[in-house]
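What follows is a set of notes on a single structure, which appears directly below.
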Amino acid sequence: MTNRPTRLLAILLIVLAAAISAAPAVPADDGDSSSHPKIGLALSGGGAKGMAHIGVLQKLEEWDIPVDYVAGTSMGAVVGGLYAAGLSADEIEEAVLSIDWTDLLQDEPERKFRDFRRKEDDRHYLLDIEFGLKGMRLSTSLGYLQGQKLNNMLRNFTQRAAGIVDFDELPVPFRAVATDIVTGEMVVLAEGDLPAAIRASMAIPGVFTPVEIDGRLLVDGGTTRNMPVDVVRAMGADIVIAIDISAPLSDRDQLRSSLAITGQTIGFLTRLNVEQQMPLADLVLRPAVTGVGTLDFSDPTKIIGLGVDEAERMKADLVPLAIPSEAYDSHRASQTVSQVEAPLITGVRIVGMEQVNEEIVRRRVRLQPGDRLDYDALYTDMGRIYGLGDFEAVNYSLVPEEEGVELVIQVREKSWGPNYVRFGLALQADDEQGTLFNLKVLHRATHINRYGAEWRTLGQVGRNTFLHSEFYQPFDYSSRWFVAPAIHLGNELTYDYVDGERAAEYKLRSRYATLDFGYRLGQNAQLRLGPLYGWARVSRETGVEAPEDGEGPDDKNQSLNPESPTLGAVRFEASVDSMDQVTFPREGGAGKLEAIFSREGIGADFDYERIEAGYSHFFSWRRHTIFGSLAGGTSLGSELPAYHQFTLGGIFSFSGYGADELRGNYYAVARLGYYASLFELPTTMGTNVYFGGWVEKGNAWFDSSDIAWDNTGDTLTVMVGADTMFGPIYVAYGKGDGGRSGFLLSIGSGF
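Going by my numbering, 297 is the number at position 83 of the sequence shown; the sequence numbering is gapless.
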């Protein structure tokens, strides 16, 4: 019979063994980093909340706790992927703080990279959504965002791991978790292109387009494994530290709307698989990120600090996992990769074209065989390619070769192309002319032939109706020289005034054709020259005809004198556009010079000259912008017909005066203004709200002898505006000379 001391000893040994097996293993303090239990991190998804992972990593590094494996989902894949690529926690923080998240979550390339014709499209203030037209059926992308800027960011920050296709060979072995949108299965990405794997893991369905890898359409892994503890364990981790930043399910009191119910339903999938994974982890950290929105990237430092705070709270459980400092330093030295010398480019290959001619893309690539790889130049080239407007994504890969790397540029043409439709609207309402509403539609048929010919048609119906259709034919793959025949059919309203009061409404009907020969100067400017033929008609719709000699102040009012002449002219145009954005620009400028020489000898009823020029420039610091503009026109002493007279008036032309109230053969306007970004609305579209205003000085004159400083007017405008997916929205108040003033609401137009 076993004596009592023996039984007690056996019981103590059993309890001790159970305690040891239940607790995280503590490494032996022998200075050998290879002998410590392998530690893995499971980083969950959660959008902006995922920046808390960085704070935890910083504390693990500070406390000499090694990380041997890492797996992540969504934002966890971003942080984990950068760490696996050889960046330290502090370098990841520096990278995160350098990102303009509002800009990153938009698809448009920097405007300086956009093709000049796409910049022209901007000026019609069309909706951001682009549709494809196949037969009579409209289609669009599989997600709101293609993620081009996100791709560029991921490639930039994972440069140190370029060329590594087996994720076990990364400085820290890594796995990204995604979901097959067709089958609903979890997909663990262990090899391939690292940035593409990270991008697939965070492709939120309906927001970002899916990523195709090995024939599978992949989206965010949150619905199948938002905190991949079992994935890290399968990699070989002895101890798994899980960091849970996923949102908890709402309680009953919070479910007060259909949107909340929908969010809760989706949250089941994510939250439940997180809770299933928790028991598999040795330690679970839960940073207090409940109040941080999924897309709230406004304060990364605060979110990173929440990760630091949680690590400090769990310090007693984490510190026993540390290894001696010398061993840790050696361990991290083997994982941290410094920037290496740029490799030599041995060749440039472009893949993925179907409709677009490869040579058109190749002409936008400036890096050539024999050059050292310059990432800034590479991203510029990719921006110029994406700026053509034909591709969902433009990526690159580096294929190692004996003497350097082959640069492979991978393009994916828009699946909904090559024919595109965009819609737009313009609405203006003021206390004088009531409400004006116009609906716009733009159709583009692209890459009609090998040089990239394009047929672009813009139509508008409403108060002002027109149809403008142009066939654009480049003469070479660079699209520098081109020819552009076009037709224009338009019905436009204009007004006549007597003593500051609207006396009549006129309709200007125009039908003409042009044949422009042009030259494009880079991405920002172009020249055009060609003949113009057609006719124009002015007819009074309402009111009475004003007298020929105006009786208003400074003789500003004269009759439009209805007429129906034939048009025959030579037209020259020089345009420049370097603005960073078309609405509420922060830097750059835009301007145009147009000269029309009408001659009876080429079919016109009248000889006259009409020359108009204008330019605006913008300067910014922080959230403040100052801008100035000059504009003017002259008839060079000739008499302009009514349909070609210069007009001023309206909130964006000469505030306080009615639309087209000032009219003449000459005009000049100077403007100086300011606006500031007040705040950003909490949307994925980066909608900013602005406040500002401007002052103007100028006038329009019929006779050159009337042009004088003391024969000009002054106006003041104050506005609140927002840049939205529907175009700019303004609520403005304008005040002019003689007590003129008015309020205006404008949607889908700008200044």
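For glycine and all other residues, C-beta sits at the position ideal for the given N, C-alpha and C.
- Per DSSP, the unbroken beta strand (DSSP E) holding residue 949 starts and ends at 941-949.
- A check of alpha carbon separations from residue 329 across 738, 831 and 905 identifies 738 as the nearest.
- In the DSSP assignment, residue 806 forms a beta bridge with 789 and 828.
- Following the DSSP letters along the chain, one finds residue 531 inside the alpha helix (DSSP H) bounded by residues 529-532.
- Here the alpha carbon of residue 698 sits roughly 54 angstroms from the alpha carbon of residue 285.
- Our two residues, residue 555 and residue 384, have alpha carbons roughly 18 angstroms apart in a direct line.
- Distances from the CA of residue 359 to each of 386, 332, 335 and 323 were compared; the closest alpha carbon is that of 323.
- Rounded to whole angstroms, the gap between the alpha carbons of residue 915 and residue 881 is 6 angstroms.
- A residue is called buried once 16 or more other Cβ atoms fall within 10 Å of its Cβ, and residue 740 is buried on that count.
- Each of 752, 287 and 587 was checked against the Cα of residue 417, and the nearest Cα belongs to 287.
- When only Cα atoms are considered, residue 944 and residue 836 end up about 22 angstroms apart.
- In the DSSP annotation of this structure, the continuous segment of the alpha helix (DSSP H) that includes residue 409 starts and ends at 408-415.
- Taken in chain order, the complete beta strand (DSSP E) segments of 3 or more residues contained in the region 342-388 are 345-348, 351-353 and 357-359.
- Beyond the five residues adjoining it in sequence on each side, residue 599 comes within less than 8 angstroms, by CB distance, of 575, 578, 579, 605, 608, 623 and 625 in the same chain, given in chain order.
- Non-local C-beta neighbours of residue 885 in its own chain, meaning closer than 6 angstroms and more than five positions away in sequence, comprise 843, 908 and 910, ordered along the chain.
- C-alpha of residue 906 to C-alpha of residue 890: approximately 6 angstroms in a straight line.
- Residue environment for residue 939: exposed (fewer than 16 other C-beta atoms within 10 angstroms of its C-beta).
- The Cβ atoms of residue 876 and residue 854 lie no closer than 7 angstroms to each other.
- When C-beta atoms of the region 288-296 are compared with those of the region 255-269, three or more pairs fall below 8 angstroms, so the two segments count as touching.
- Within the same chain, 624, 625 and 626 come within 6 angstroms of residue 566 by CB-CB distance, once the 5 residues on both sides are set aside.
- Between the C-alpha atoms of residue 376 and residue 612 there is a straight-line separation of about 7 angstroms.
- Here the alpha carbon of residue 585 sits roughly 8 angstroms from the alpha carbon of residue 560.
- Within the same chain, and ignoring the five residues on either side of residue 508 in sequence, the residues whose Cβ sits closer than 8 angstroms to its Cβ are 260, 261, 262, 263 and 461.
- Here the alpha carbons of residue 525 and residue 448 stand approximately 25 angstroms from one another.
- Between the alpha carbons of residue 677 and residue 391 lies a distance of about 53 angstroms.
- Under the DSSP assignment, residue 312 falls in the alpha helix (DSSP H) whose first and last residues are 303-312.
- From the listed residues 325, 664, 318 and 847, the smallest Cα separation to residue 597 is found for 325.
- When the five nearest sequence neighbours on each side are left out, the beta carbons in the same chain lying within less than 8 angstroms of the beta carbon of residue 688 are those of 665, 666, 667, 694, 695 and 696, in order along the chain.
- Taking 7 angstroms as the cut-off, the Cβ atoms of residue 752 and residue 856 count as close.
- The three-state secondary structure of residue 796, taken from DSSP, is coil.
- Under the three-state reduction of DSSP, residue 514 is assigned to helix.
- Judged by DSSP secondary structure, residue 612 falls within the beta strand (DSSP E) whose first and last residues are 605-615.
- Rounded to whole angstroms, the Cβ separation of residue 332 and residue 603 is 5 angstroms, and the two are in contact under 8 angstroms.
- When only Cα atoms are considered, residue 690 and residue 930 end up about 48 angstroms apart.
- Note that the C-beta distance between residue 365 and residue 439 is not below 7 angstroms.
- Spanning the alpha carbons of residue 932 and residue 652 requires a straight line of approximately 25 angstroms.
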